[in-house]
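Peer 1: Heads up: the sequence shown begins at 1 in this note's numbering, then just goes up one per residue.
We treat Cβ as the ideally placed atom computed from N, Cα and C, and that holds for glycine.
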Amino acid sequence: MWVAGVDGCRAGWIGVLMRADNPYEHRIMTAPTFAAIVDAPERPEVIAVDMPIGLPERTEGSGRLPEQLIRPLLEQRQSSVFAIPSRRAVEAEDYREACAIAAATSEPSRKVSRQGFAIFPKIREIDALLRARPVLMTRIYEVHPELAFWALNNAQALDQPKKVKGTPYGPGMDLRRRLLSRSGLLPESLIHASPPRCAAADDLLDALAGLTVALDIARGGGQPFPDPPGRDAHGLPVGIWTLRRS
1 MWVAGVDGCR AGWIGVLMRA DNPYEHRIMT APTFAAIVDA PERPEVIAVD
51 MPIGLPERTE GSGRLPEQLI RPLLEQRQSS VFAIPSRRAV EAEDYREACA
101 IAAATSEPSR KVSRQGFAIF PKIREIDALL RARPVLMTRI YEVHPELAFW
151 ALNNAQALDQ PKKVKGTPYG PGMDLRRRLL SRSGLLPESL IHASPPRCAA
201 ADDLLDALAG LTVALDIARG GGQPFPDPPG RDAHGLPVGI WTLRRS
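(1) Among the candidates Asp206, Ala209 and Leu243, whose CA atom is the shortest distance from the CA of Pro224?
(2) Three-state secondary structure (DSSP) at Cys198?
(3) Could you name the residues that DSSP lists as bridge partners for Arg27?
(4) Pull up the distance between the alpha-carbon of Arg219 and that of Pro226, whole angstroms please.
(5) Which word fits Cys99, buried or exposed, when buried means at least 16 other C-beta atoms lie within 10 angstroms of its C-beta?
(6) Helix, strand or coil, according to DSSP, for Pro145 in the structure here?
(7) By Cβ distance, which residues of its chain are closer than 6 Å to Phe82, with the 5 residues on each side in sequence left out?
(8) Suppose contacts are defined by Cβ-Cβ distances below 8 Å. Is Ala199 in contact with Ala11 by that definition?
(9) Would the stretch 145 to 156 count as touching the stretch 64 to 83 if we require 3 or more Cβ pairs under 8 Å?
(10) Which residue's Cα is closest to the Cα of Pro56: Thr33, Pro23, Val90 and Ile47?
(11) What do you get for Val164, buried or exposed, if any count of 16 or more other CB atoms within 10 angstroms of its CB means buried?
(12) Which of the three DSSP states, helix, strand or coil, is assigned to Gly116?
(13) Note the first and the last residue of the continuous alpha helix (DSSP H) segment covering Asp174.
(14) Run through DSSP, which three-state label would Ile191 get?
(15) What does the Cβ neighbour count give for Ser109, buried or exposed, with the cut at 16 atoms within 10 Å?
(16) Is Ser62 helix, strand or coil by DSSP?
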């Protein structure tokens, strides 16, 4: 069985694919579409992607329930968890329109951050794929890298940011690599690999974090927030997964 961790990047998507029973058999790939990773020759059976899946018709509080549940766990890192607005807001291609719809479909009324709006095309891409091919819902899981690192750090929030002012922060990146090394789930050559062109070092690191969750799910573990995950109006799962702690 192959598993994959996936994150967005300049090229579109970066995926790290690995055999669950042989971590030394792996490869890093980039692709313009998420479907290209899903349909890669390895046909990964568990795919953990750092992108929201399942959209609400309305929101109460700061985003979906999964975001509200994991923010307190991440403490200083909780700003990395975007508040995902309603489906209609995510479907808007104009920023002002998205803000207006988000404000009208949230309680209390909330607009959309520029950073959040920037990932809407990728959210729509996965949403369209899952609605067109619902059988993929058994293979694709939403993750958040900081929640994965929280689990790898014995359920403790990390005290170092991954980026500072949009630039990868060396000590924070090294801390996360140490946690991946300590887990024993991935080979060192993969943890310290250079990212491919059109992908940044932090994109690769986030994909590796997702890979640890995919591997845990494939082995019968995995912990969703909430547990069990909810469903949106189209039947898509609404839950953020991480490694199950023993």
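Peer 2: Let me lay it out:
(1) Leu243
(2) coil
(3) The partner list for Arg27 (beta bridge, DSSP) reads Leu17.
(4) 20 Å
(5) Per the 10 Å Cβ criterion, buried.
(6) helix
(7) Gly116
(8) yes
(9) The stretch 145 to 156, when compared against the stretch 64 to 83, does touch it at the 8 Å Cβ threshold.
(10) Val90
(11) By the 10 Å Cβ count, Val164 comes out exposed.
(12) helix
(13) Taken as a continuous stretch (DSSP letters only), the alpha helix (DSSP H) holding Asp174 covers Gly170 to Ser183.
(14) helix
(15) Under this definition Ser109 is an exposed residue.
(16) coil
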